[in-house]
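Engineer:
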Amino acid sequence: MIRGESYSDWGMVSIFRAFFRNLASLGGLLFALGCLVWLVLLREDQPRMATGWEVSPGWHEEGGIDDGEEGEKLAVEEGKKASEEVVGEVKVEEEGGKVVKRERPLVVVDAGHGGGDGGAVWNGIVEKNLALTLALKLKAQLEKLGIDVQMTRSKDVFVSLENRAAMANRVKADAFVSVHLNSAGNESGVRGIETYYCLNKSLPAVRALQAAFQLKTTVGLRDRRGEKLAAAVQRQVCQGTGSADRGTKERAYTVVHGTSCPAVLVECGFISNSKEAALLKTRGYQEKLAGGIARGVATFLHGQELDPARGLDLPKTEGPVLHGPPVKPDLLSQK
Ligand SMILES: [Zn+2]
2 MIRGESYSDW GMVSIFRAFF RNLASLGGLL FALGCLVWLV LLREDQPRMA
52 TGWEVSPGWH EEGGIDDGEE GEKLAVEEGK KASEEVVGEV KVEEEGGKVV
102 KRERPLVVVD AGHGGGDGGA VWNGIVEKNL ALTLALKLKA QLEKLGIDVQ
152 MTRSKDVFVS LENRAAMANR VKADAFVSVH LNSAGNESGV RGIETYYCLN
202 KSLPAVRALQ AAFQLKTTVG LRDRRGEKLA AAVQRQVCQG TGSADRGTKE
252 RAYTVVHGTS CPAVLVECGF ISNSKEAALL KTRGYQEKLA GGIARGVATF
302 LHGQELDPAR GLDLPKTEGP VLHGPPVKPD LLSQK
C-alpha cells in the first residue's frame, strides 16, 4: 500500500510535471499562432492604408501637371468618385461607347445651388430659386440660337458640385455655364456682374483634353478657352443689361475646374444690393440677363467651330525647352 501510495505519489508528481511542461509548450504554441494572425492582419491592412499614395505616382509618370499635394488629393477623390453614382438629368447619347456626332452644339446649363443648399438669401430672394429661373430662361434663349441645352437640374433638387461637372464631361458638352447670384454681406452698395473661369483644370479634365486633342504630354497645358468664353459672356451680359461690369476673374471653383469643356460661372448681380435685387425680380431684366449670356455663348461657340483648339495653350513637345530668355554676352563679361 505504502509502495503503492509512493508509486501513486510519484505518479501524481510526474503527471503534474508533464501537465506544466505541456502547458508551457501550449502557451508557446498559442503565442506563435497569435503572432501569425497579427502578421496576416497587418499585411492585409497595409495596402488599404497606402491606397492614397499609390494612386498619385501613376499620373506623375504619365506627364500630368504636377499639382503636388493638391494633385494627390484629387487623384484620391477621383478614385472615390469612380464608385459613386452620378445623379441628375443629363443623358449621354452613346452608341457602342462612342458619343454620337451632333448636328448642333450642346451646352450644359447649371442652375447654382438647389435642394437643401439655398445659396445666399437677401431682399426676399433665395439664390437657388432665382438661379433656376434664370437658367431656364437661358436654356430657352440658347435654343432660339440653335444650341442644344441640357440642365444639371430643372427643379429644386440638390446636385453635388462634382456631379455637375461630371455631367458636362459625360455628355462631352461644347460649353458649360453655371448661373449664380452674388452677395456682399452688409456692404449693400456693391453691385454688378462678374464671370469666373479656370485656366488650370482638374486632373480628370486635363486627361480628357489630352485624349480629345491627342496630346503626348500635358505639361504646360493651359486651357484659355474658358477665359475667352468668360470675356464673350461678360461683354454681352453687361451690354444687354447696362449693369456695372466687374470683369472676368480666374478662380478654381469646382464646376469650372472639373469640366473639360470651356466653362464659366456667371454671378448675375448682387442680391444683397436692394436696387439690383429689385431689378433682378423683374421678368424683363431676367430676360436681358439670359439673352446676354446666350449671345456670349453663341459668339464664343462660333469662333470655336472654326478652330476647336483655339484658346488651348498646347504644350510644345518639340525642341529643347528654354527657361527664360537667353543670357546676353555683355552681362556675362561684366563678372
Ligand atoms: Zn451661388
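Residues in the sequence shown are numbered from 2 upward in steps of one, following the working numbering. Yeah, the Cβ is synthetic: ideal placement off N, Cα and C, and Gly gets one too. These numbers were taken from a predicted model, which means no experiment stands behind them.
Under 8 Å, with one C-beta from each stretch per pair, do the region 221–238 and the region 254–266 reach the 3-pair mark?
Structural biologist: Yes, the region 221–238 is in contact with the region 254–266.
Engineer: Just to confirm before moving on: does the CB-CB distance between I194 and G248 stay below 7 Å?
Structural biologist: Residue 194 sits at position 193 when you count from the first residue of the sequence shown. Residue 248 sits at position 247 when you count from the first residue of the sequence shown. Against a cut-off of 7 Å, the Cβ pair of G248 and I194 comes out as no contact.
Engineer: Can you tell which of P263, S189, R208, L182 has its C-alpha closest to the C-alpha of Q287?
Structural biologist: Numbered from 1 along the sequence shown, position 286 holds the residue referred to as residue 287. Per the Cα distances, L182.
Engineer: Could you pull the DSSP bridge partners for V109 from this structure?
Structural biologist: Here the question's residue 109 lines up with position 108 in the sequence shown. Answer is Q151, F177.
Engineer: Take the Cβ of E104 as the centre, count every other Cβ of all protein chains shown within 10 Å, and call the residue buried at 16 or more, exposed below.
Structural biologist: Within the sequence shown, residue 104 is the residue found at index 103, counting from 1. E104 comes out exposed.
Engineer: Could you tell me whether any non-hydrogen atom of ligand 1 is closer than 6 Å to the CB of G115?
Structural biologist: As a working mapping, residue 115 is identified with position 114 in the sequence shown. For ligand 1, not one heavy atom lies less than 6 Å from the Cβ of G115.
Engineer: Output yes or no for whether 7 Å exceeds the beta carbon distance between L135 and A245.
Structural biologist: Start at 1 with the first residue of the sequence shown, and residue 135 comes out as number 134. Start at 1 with the first residue of the sequence shown, and residue 245 comes out as number 244. Cβ distance not < 7 Å, so L135 and A245 don't count as in contact.
Engineer: Which of the three DSSP states is assigned to G69 in this structure?
Structural biologist: Position 68 of the sequence shown, counted from the first residue, corresponds to residue 69. Annotation note: pLDDT 37 at G69 (below 50); position unreliable, coordinate value reported separately. Looking at G69 - three-state DSSP - the assignment turns out to be coil, as it is neither helix nor strand.
Engineer: Of all the options A279, G304, G120, F301, which has the alpha carbon lying nearest to the alpha carbon of S184?
Structural biologist: Working through the sequence shown from its first residue, we reach residue 184 at position 183. The shortest C-alpha separation from S184 is found at G120.
Engineer: Tell me whether L302 sits in a helix, a strand or coil according to DSSP, three-state version.
Structural biologist: The sequence position of residue 302 within the sequence shown is 301, counting from 1. If DSSP states are grouped into helix, strand and coil, L302 belongs with the helices.
Engineer: If you follow the beta strand (DSSP E) that A206 is part of, which residue opens it and which one closes it?
Structural biologist: As a first step, residue 206 must be located in the sequence shown, where it is residue number 205. Unbroken run through A206 is the alpha helix (DSSP H), 204–213; no beta strand (DSSP E).
Engineer: Pick helix, strand or coil for G292, following the three-state DSSP scheme.
Structural biologist: Within the sequence shown, the letter at position 291 stands for residue 292. Residue state, collapsed to three classes: helix.
Engineer: Going by beta carbon distance, what residues of the same chain come within less than 7 Å of E277, once the five residues before and after it are set aside?
Structural biologist: The residue given as residue 277 occupies position 276 in the sequence shown. Only R192, G270, F271 meet the Cβ criterion.
Engineer: Along the alpha helix (DSSP H) that carries R247, what are the first and last residues, could you check?
Structural biologist: Position 246 of the sequence shown, counting from 1, holds the residue named residue 247. Element bounds for R247: not the alpha helix (DSSP H) but the beta strand (DSSP E), 246–251.
Engineer: Among residues of its own chain, excluding the 5 on either side of Q215, which ones have a beta-carbon nearer than 6 Å to its beta-carbon?
Structural biologist: Start at 1 with the first residue of the sequence shown, and residue 215 comes out as number 214. Cβ within range, chain order: n/a, list empty.
Engineer: Terminal residues of the continuous alpha helix (DSSP H) containing G227?
Structural biologist: The residue you call residue 227 lines up with position 226 of the sequence shown. That run of the alpha helix (DSSP H) goes 226–242.
Engineer: Looking at the structure shown, is V265 part of a helix, part of a strand, or coil, going by DSSP?
Structural biologist: Walking along the sequence shown from the start, residue 265 turns up at place 264. V265 falls in the strand class under three-state DSSP.
Engineer: To the nearest angstrom, how far is the alpha carbon of I126 from that of N274?
Structural biologist: Position 125 of the sequence shown, counted from the first residue, corresponds to residue 126. Position 273 of the sequence shown, counted from the first residue, corresponds to residue 274. I126 and N274: Cα-Cα distance of roughly 11 Å.
Engineer: Provide the residue(s) that pair with I126 in DSSP beta bridges, ordered along the chain.
Structural biologist: As a first step, residue 126 is located in the sequence shown; it is residue number 125 there, counting from the start. According to DSSP, which records beta bridges pairwise, I126 is partnered with W123.
Engineer: Can you determine whether any heavy atom of ligand 1 sits closer than 6 Å to the C-beta of H258, and answer yes or no?
Structural biologist: Position 257 of the sequence shown holds residue 258. Not under cutoff, so the answer is no.
Engineer: Measure from the alpha carbon of M152 to the alpha carbon of each residue in A169, N130, S161, then state which is nearest.
Structural biologist: To locate residue 152, count along the sequence shown from 1; it is residue 151. Of the candidates A169, N130, S161, the one whose C-alpha sits nearest the C-alpha of M152 is A169.
Engineer: Under 6 Å: does the beta carbon of G120 sit that close to some heavy atom of ligand 1?
Structural biologist: Numbered from its first residue, the sequence shown carries residue 120 at position 119. Flag set: Cβ of G120 near ligand 1.
Engineer: What first and last residue would you give for the alpha helix (DSSP H) that runs through E195?
Structural biologist: Position 194 of the sequence shown, counting from 1, holds the residue named residue 195. From DSSP, E195 is part of no alpha helix (DSSP H) but of the beta strand (DSSP E) over 194–198.
Engineer: Just to check, is the beta-carbon of H181 closer than 6 Å to a non-hydrogen atom of ligand 1?
Structural biologist: Residue numbering aside, residue 181 sits at position 180 when the sequence shown is read from its first letter. Because some heavy atom of ligand 1 lies under 6 Å away, the Cβ of H181 counts as near it: yes.
Engineer: Given this structure, state the Cα-to-Cα distance separating A1 from G285, to the nearest angstrom.
Structural biologist: Look at the range of the chain in this structure, 2 to 336, and you will see that residue 1 is not part of it.
Engineer: Check this for me: beta carbons of V180 and V122, under 7 Å apart or not?
Structural biologist: Indexing the sequence shown from 1 puts residue 180 at position 179. Indexing the sequence shown from 1 puts residue 122 at position 121. No, the pair does not count as a contact, with Cβ atoms beyond the cut-off.
Engineer: Could you give the distance in angstroms between the alpha-carbon of E163 and the alpha-carbon of A206?
Structural biologist: Position 162 of the sequence shown, counted from the first residue, corresponds to residue 163. Position 205 of the sequence shown, counted from the first residue, corresponds to residue 206. If you take the alpha carbons of E163 and A206, they lie about 12 Å apart.
Engineer: Contact defined as beta carbons within less than 8 Å: I believe L137 pairs with S155. What is the distance between those atoms, to the nearest angstrom?
Structural biologist: Within the sequence shown, the letter at position 136 stands for residue 137. Within the sequence shown, the letter at position 154 stands for residue 155. The pair is a contact, with the Cβ atoms about 7 Å apart (cut-off 8 Å).
Engineer: Would L133 and A112 be called neighbours here (beta carbons separated by less than 7 Å)?
Structural biologist: In the sequence shown, residue 133 corresponds to position 132, counting from 1. In the sequence shown, residue 112 corresponds to position 111, counting from 1. In contact: L133 and A112 (Cβ atoms closer than 7 Å).
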